[in-house]
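Here the structure comes first, spelled out in structure tokens, and everything after it is commentary.
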Amino acid sequence: MLTLASVFLYALLTERIILVDNRKDVNDILCEPFPGTSWLLPLDFPLMNYTYAYSYNKEYPRCYGTMVKNHTINSTSIPHHLYLHNLHDSRDEDKMFFCEKDQSLINKVPWLIIQANVYFVPSLWFNPTFQPELMKLFPQKDTVFHHLARYLFHPTNQVWGMITRHYHAHLARADETLGIQIRVFRKDAGYFQHVMDQIVSCTQRAKLLPELAAQEETQANMTYTPKVKAVLVTSLYPEYSDNLKNMFWERPSSTGEIIEVSQPSGERVQQTDKKLHDQKALAEMYLLSLTDNIVTSAWSTFGYVSYSIGGLKPWLLHTPRGNKTPDPPCVRSTSMEPCYLTPPSHGCDADWGKNSGKIFPFVKSCEDVVYSGLKLHDEL
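Taken in order, the sequence shown gives residues -16 to -1, 1 to 364; the numbers are from mature numbering (1 follows the signal peptide of the UniProt record, and there is no 0).
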């Protein structure tokens, strides 16, 4: 979704038509966004047949970044198509396609094949020809993905069914809701006590969840109806929500609030491109977007999509080092935008090695990826 939004905005700025690879499960999770037409590329499209589709990588002869690196770009001979490689392993030569001097050639190429798995919108602001239109479209700069996602992405009926059933069963009647998204980036990922401690520490320090009371109240004195706070947990591992649920079941909260904890699924293993798994994942992103406040894991694109669709400024859990709980456990973001995790090391006209985030005041380092990531912030 982050990639689709990025490519759609790029197409809008360059007056191109966007067509989406139809070989995976796009139709199973998202409706067509444009009435009366389709954005899905026909399965028999020549540039996506077997010969081409499995050869799009940095070694592909018409990979733009490789052509730049090898100085094989020829402005007098315009190719029929170019491949833009914008994955997490992209080189600076791949990432600089958006620059003004690069666009002078790329604009003449009829077909662009873009393979990406990153949110590259922040880099589009480095092209001065794009800036006037971007300023008009997004006067509040940290709302780019929020608006694009609400315009482009419409979950299918099956996904909406999952969303509405869980929402009405667990969230709708609560006085306040909190979303907690947990992703553990380890080969031996699973339940870790230091991660559980971090979640509790973050939510209690930020006053998102109450502390536990020292003792039970006398039930005869309870003449009021306590407030209910619904906590939605999304994780591959159910142990996090189970522990949170037991914590507030075994002892009362210090504020008297009733804490109800729910988790829609706990698949344990990520199963990308599996229809039902992807449908559940999208449903959980939208459920998180419907909460009043949200806590998400650092580096997690799942979390980025969730809080940005909801227009929420999240609390970001710092990445643990070893098996220790970070202190502080989390930081409140000042932007609802996703992070561009692997941006180019410089702007279009800057020297190599210069931090791109220093070029424009509204393009700053991400709170959770301080040394490399970039995200858009509204100008203060």
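For each residue, glycine too, the CB sits at the ideal point set by N, CA and C.
May I ask you to verify whether the region 305 to 314 touches the region 110 to 129, counting CB pairs closer than 8 Å and requiring at least 3? no
For residue 69, does the three-state DSSP call read helix, strand or coil? Numbered from 1 along the sequence shown, position 85 holds the residue referred to as residue 69. Residue 69 falls in the strand class under three-state DSSP.
Just to confirm the assignment: which complete alpha helix (DSSP H) runs, minimum length 4, are found wholly within the region 246 to 290? 259 to 273
Mapping the DSSP letters down to three states, classify residue 57 as helix, strand or coil. For the purposes of this step, residue 57 is taken as the residue at position 73 of the sequence shown. Residue state, collapsed to three classes: coil.
Whole alpha helix (DSSP H) runs in the region 72 to 153 with 4 or more residues, listed along the chain? 76 to 79, 84 to 90, 105 to 108, 115 to 121, 128 to 136 and 141 to 150
Just confirm the distance between the C-beta atoms of residue 104 and residue 324, as a whole number of angstroms; I'd bet it's less than 8 Å. Translated into the one-based positions of the sequence shown, residue 104 becomes position 120. Translated into the one-based positions of the sequence shown, residue 324 becomes position 340. Rounded, the Cβ-Cβ distance is 6 Å, consistent with contact.
Comparing C-alpha positions only, which one of 287, 283, 317 and 322 sits nearest to residue 304? Taking the first residue of the sequence shown as position 1, residue 304 is located at position 320. Residue 304 has its Cα closest to that of 283, out of 287, 283, 317 and 322.
Return the chain-ordered list of same chain residues with a C-beta closer than 6 Å to the C-beta of residue 267, the five sequence neighbours on each side being excluded. Taking the sequence shown and counting its residues from 1, one reaches residue 267 at position 283. Only 143, 146 and 147 meet the Cβ criterion.
List in chain order: all unbroken beta strand (DSSP E) runs of 3+ residues lying wholly within the region 181 to 222. 212 to 218
Assuming residue 174 and residue 210 form a contact by the criterion Cβ under 8 Å, report the distance between their Cβ atoms to the nearest whole angstrom. Position 190 of the sequence shown holds residue 174. Position 226 of the sequence shown holds residue 210. 34 Å between Cβ atoms; not a contact.
So which of 12, 19, 261 and 90 has the shortest CA-CA distance to residue 135? Against the sequence shown, residue 135 aligns to sequence position 151. Checked all of 12, 19, 261 and 90; the closest Cα to residue 135 is 19.
Straight-line Cα distance separating residue 40 from residue 96: Residue mapping note: residue 96 aligns to position 112 of the sequence shown, counting from 1. Residue mapping note: residue 40 aligns to position 56 of the sequence shown, counting from 1. Roughly 12 Å separates the two Cα atoms.
Sequence-distant residues of the same chain with beta carbon closer than 8 Å to residue -10, five excluded per side: As a working note, residue -10 is residue 7 in the sequence shown. The residues are 2, 98 and 100.
DSSP-derived helix/strand/coil call for residue 6: For this step, residue 6 is matched to residue 22 along the sequence shown. Of the three classes helix, strand and coil, the one that applies to residue 6 here is coil, per DSSP.
Using a Cβ distance threshold of 8 Å, determine whether the region 153 to 167 contacts the region 215 to 225, with at least three qualifying pairs required. yes
Alpha-carbon to alpha-carbon, residue 236 and residue 326: Here the question's residue 326 lines up with position 342 in the sequence shown. Here the question's residue 236 lines up with position 252 in the sequence shown. If I take the Cα positions, the gap works out to 44 Å.
Please list, in chain order, all residues of the same chain as residue 94 whose beta carbon is under 8 Å from its beta carbon, the five residues on each side excluded. Taking the sequence shown and counting its residues from 1, the one referred to as residue 94 is at position 110. These residues qualify, in order along the chain: 64 and 65.
Is residue 23 helix, strand or coil when you go by DSSP? For the purposes of this step, residue 23 is taken as the residue at position 39 of the sequence shown. Here residue 23 sits in coil by DSSP.
Quick one: what does DSSP say residue -5 is sitting in, helix, strand or coil? Counted from its first residue, the sequence shown places residue -5 at position 12. It is helical.
Taking 7 Å as the limit between beta carbons, can you name the residues of its chain near residue 295, skipping five residues before and five after? The residue given as residue 295 occupies position 311 in the sequence shown. So the list reads 130 and 320, once near-sequence residues are dropped.
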